[in-house]
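Below is one structure, written out as structure tokens, with a few remarks after it.
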Amino acid sequence: MKVDILLGLQWGDEGKGKIVDVLAPQYEIVARFQGGPNAGHTLEIQGKKHVLHTIPSGIFRNNIMNVIGNGVVIDPISFLEEVRGIEALGIDICKNLILSKRAHLILPTHRLLDASSEASKGKEKIGSTLKGIGPAYMDKTGRNGLRIGDILEKDFNERYASLAGKHLQMLALAGFEYDKKAFEENQKKWMECVAFIRTMQCIDTEYYLNDELKKGKRILAEGAQGSLLDIDFGSYPFVTSSSTTCAGACIGLGLAPSTLGEVEGIFKAYCTRVGSGPFPTELHDDIGEKMAQIGREFGSTTGRKRRCGWLDLPALKRAIMLNGVTRLDMMKADVLNEFGEVKVCTHYMVDGKETDQMPYNLHTEIKPVYKSFKGWGKLPETTSFDKMPAELKDYITYIEKAVGVPIKLVSVGPERSQTMVR
Ligand code: GDP
Ligand code: IMO
Ligand code: MG
Numbered sequence: 001m002k003v004d005i006l007l008g009l010q011w012g013d014e015g016k017g018k019i020v021d022v023l024a025p026q027y028e029i030v031a032r033f034q035g036g037p038n039a040g041h042t043l044e045i046q047g048k049k050h051v052l053h054t055i056p057s058g059i060f061r062n063n064i065m066n067v068i069g070n071g072v073v074i075d076p077i078s079f080l081e082e083v084r085g086i087e088a089l090g091i092d093i094c095k096n097l098i099l100s101k102r103a104h105l106i107l108p109t110h111r112l113l114d115a116s117s118e119a120s121k122g123k124e125k126i127g128s129t130l131k132g133i134g135p136a137y138m139d140k141t142g143r144n145g146l147r148i149g150d151i152l153e154k155d156f157n158e159r160y161a162s163l164a165g166k167h168l169q170m171l172a173l174a175g176f177e178y179d180k181k182a183f184e185e186n187q188k189k190w191m192e193c194v195a196f197i198r199t200m201q202c203i204d205t206e207y208y209l210n211d212e213l214k215k216g217k218r219i220l221a222e223g224a225q226g227s228l229l230d231i232d233f234g235s236y237p238f239v240t241s242s243s244t245t246c247a248g249a250c251i252g253l254g255l256a257p258s259t260l261g262e263v264e265g266i267f268k269a270y271c272t273r274v275g276s277g278p279f280p281t282e283l284h285d286d287i288g289e290k291m292a293q294i295g296r297e298f299g300s301t302t303g304r305k306r307r308c309g310w311l312d313l314p315a316l317k318r319a320i321m322l323n324g325v326t327r328l329d330m331m332k333a334d335v336l337n338e339f340g341e342v343k344v345c346t347h348y349m350v351d352g353k354e355t356d357q358m359p360y361n362l363h364t365e366i367k368p369v370y371k372s373f374k375g376w377g378k379l380p381e382t383t384s385f386d387k388m389p390a391e392l393k394d395y396i397t398y399i400e401k402a403v404g405v406p407i408k409l410v411s412v413g414p415e416r417s418q419t420m421v422r
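In the numbering used here, the protein residues as written are 1 to 422.
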């Protein structure tokens with residue numbers, strides 16, 4: 001058996017939550033490998049919307065084990081809120097969820113450091129979700145971090161106090177003002193949530209996953225964010241702090257590259273981005289506004305409005321290359337129903353030259369070159385691809401040819417059922 005991976009190929013919010021939930025019945029284990037509560041994965045089940053942040057999107061399916069891998073950063077407060085929300089639906093989450101002892105903790109001070117860092121950057125801010133992601137990963141790579149396994153050790157409280165104390169000194173040095181009373185309360189709550197996590201299944205998930213794989217269990221690795229937000233290959237510094245590409249699944253779960261099977265890359269029929277940073281095909285006009293309104297493009301975690309633009313093929317091809325994508329899922333085709341004309345960026349003009357590669361410095365003048373398609377109008381209420389309008393078929397065939405990977409799944413609405421498998 002091999003481990004399949006589902007990951008976002010754009011700037012996040014491609015619809016990963018929906019697709020993991022749709023694919024989950026084909027697997028026995030769903031595992032998150034990076035990111036943390038900055039993610040917001042939406043699932044719509046029988047008209048009801050659920051947003052997951054740290055918990056894998058297999059949690060709403062029966063008999064699926066969900067694993068939070070070592071590459072994930074966990075905020076106990078946000079995590080417990082999520083757990084309680086799912087328990088309220090009658091799901092026995094403690095039975096179906098395992099945490100890696102090696103996953104790092106987000107401390108209340110990490111959130112303050114995130115806010116302080118953003119405030120100091122002024123107009124140059126990343127547009128972080130302010131969940132403490134960057135500072136938590138900094139402590140991980142700086143070899144100062146606290147991990148889930150540490151909460152089971154006797155000296156945890158002292159180690160917490162030492163690290164939080166160091167952070168408070170940094171905040172004082174930066175002159176960052178914050179509500180001390182709210183912070184103290186938050187810290188108390190955080191410790192209570194840590195106490196709850198001690199009652200959960202916290203194990204060496206790398207052994208669990210490799211053993212289950214050997215037994216023939218089918219595993220799906222669920223990515224968070226998207227390739228264009230990757231710490232190495234994204235639009236740095238306007239990125240997140242983890243490896244969002246396929247390689248991140250090996251590191252974030254303890255799986256060897258030879259265990260990887262299909263790499264399913266997911267993209268919207270257009271592009272969105274939330275937060276700051278370059279976006280070559282961004283539309284600053286009524287068309288972009290129309291996409292945002294029809295697509296309900298508001299962040300699942302922060303509620304911020306997402307920036308919108310046409311599909312960017314140079315960016316998509318690069319993400320396919322970096323991940324070795326073997327099949328594609330195109331999402332939100334229905335959002336473009338009301339557009340008489342649909343465009344795709346096939347190349348960029350950079351310094352007067354045509355290129356289909358993303359330049360190192362995305363802040364240089366990049367002029368997208370577009371190919372225009374006739375819109376497909378209202379889609380029939382069917383999941384039979386054959387019955388879809390010729391214009392949508394043309395759009396899909398063009399993209400497949402341009403990127404050299406088949407589009408296996410087309411999504412035409414947020415519900416599980418609004419999915420066409422080709
Ligand atoms: P994720 O972070 O990749 O899981 O994506 P988000 O949940 O942040 O954002 C995707 C949004 O699009 C959610 O509100 C989904 O319910 C919604 N969605 C997913 N697929 C479709 C689709 O095919 N059509 C429409 N209209 N909405 C979709
Ligand atoms: P999902 O998994 C979209 C963006 C933030 C910001 C940058 C850095 O739902 O697709 P961070 O909080 O990580 O320090 O923010 O990354 N960002 C996301 N954008 N979807 C996400 O996750 C994101 N997670 C982070 O908006 O620009
Ligand atoms: Mg999201």
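We treat Cβ as the ideally placed atom computed from N, Cα and C, and that holds for glycine.
Small disclaimer: the values here were computed from a predicted structure and weren't measured.
Check, Outcome
"Going by C-alpha distance, which of Lys408, Asp312, Glu28, Pro76 is nearest Glu192?", "Pro76"
"Restricting to runs no shorter than 4 residues, where is the alpha helix (DSSP H) found entirely within the stretch 45-93?", "76-87"
"Assign Thr355 to one of three DSSP states: helix, strand, or coil.", "strand"
"If you measure from each residue's Cβ to the nearest non-hydrogen atom of the ligand MN, which ones come out under 5 Å, in chain order?", "Among the ligands modelled here, namely the ligand GDP, the ligand IMO and the ligand MG, the ligand MN does not occur."
"At a cut-off of 7 Å, is Thr42 close to the ligand GDP when judged by its beta-carbon and the heavy atoms of the ligand?", "yes"
"Would you check if the stretch 404-420 and the stretch 40-47 touch, i.e. whether three or more CB-CB distances between them fall below 8 Å?", "yes"
"Once DSSP output is grouped into helix, strand and coil, what is the label at Asp485?", "As displayed, the chain neither begins before 1 nor continues past 422, which places residue 485 out of reach and without an answer."
"With distances taken between CB atoms, is the gap from Glu222 to Ser57 smaller than 8 Å?", "yes"
"Cα-Cα, which of Gly8, Lys121, Asn63 is closest to Pro25?", "Asn63"
"How about the stretch 210-227 and the stretch 23-37: do they share at least three Cβ pairs that are nearer than 8 Å?", "yes"
"Under 7 Å: does the beta carbon of Leu173 sit that close to some heavy atom of the ligand IMO?", "no"
"Helix, strand or coil, according to DSSP, for Met420 in the structure here?", "strand"
"Name the DSSP bridge partner or partners of Cys250?", "Answer is none; Cys250 lacks a bridge partner."
"Does the pairing of the stretch 253-270 with the stretch 3-11 give three or more beta-carbon distances under 8 Å?", "yes"
"Helix or strand or just coil, what does DSSP make of Ile5?", "strand"
"Considering only residues of the same chain and omitting the five flanking positions on each side of Lys317, which have a CB-CB separation below 6 Å?", "Val403"
"Tell me the residue span of the alpha helix (DSSP H) that contains Gly134.", "133-141"
"Quick check: Gly12 and Gln225, are their CB atoms within less than 8 Å of each other?", "yes"
"Helix, strand or coil: which one does DSSP assign to His110?", "helix"
"Might you give, ordered along the chain, the residues of its own chain that have their beta carbon closer than 6 Å to the beta carbon of Ile366, omitting 5 neighbours on each side?", "Pro280, Tyr348, Val350"
"Please report the straight-line C-alpha distance between Cys345 and Thr244, rounded to a whole angstrom.", "24 Å"
"Answer with buried or exposed for Cys246, where buried requires no fewer than 16 other C-beta atoms within 10 angstroms of its C-beta.", "buried"
"In its own chain, which residues sit with a C-beta less than 7 Å from the C-beta of Lys378, not counting the 5 before and 5 after it?", "Asn337"
"Quickly, what does DSSP pair Leu328 with across the bridge? List them, please.", "Gly265, Ile407"
"Run the CB neighbour count on Asp286, radius 10 Å, all protein chains shown included, and call it buried at 16 or more, exposed below.", "exposed"
"What residue range is occupied by the uninterrupted alpha helix (DSSP H) comprising Phe183?", "180-197"
"Helix, strand or coil for Thr346? Go by DSSP, reduced to three states.", "strand"
"Rounded to the nearest angstrom, what separates Ala201 and Leu99 at their Cα positions?", "Note that residue 201 is Gln in the sequence shown here, rather than Ala. Distance between the alpha carbons of Gln201 and Leu99: 6 Å."
"Identify the residues that DSSP records as bridge partners of Asp312: which are they?", "Cys345"
"Could you have a look at Arg102 and say whether DSSP puts it in helix, strand or coil?", "coil"
"Can you list, in chain order, the residues of its chain whose CB lies under 6 Å from that of Leu328, leaving out five sequence neighbours each side?", "Gly265, Val405, Ile407"
"Please state whether DSSP places Tyr485 in a helix, a strand or coil.", "This structure cannot settle anything about residue 485, because the visible part of the chain is limited to 1 through 422."
"Phe156 to Asp150, Cα distance in whole Å?", "6 Å"
"Taking the alpha helix (DSSP H) that Phe156 falls in, what are its first and last residues?", "156-174"
"Measuring only the C-alpha atoms, how far is Gly36 from Val73?", "5 Å"
"When we look at the beta-carbon of Gly275 and count the other beta-carbons within 10 Å, is it buried (16 or more) or exposed?", "buried"
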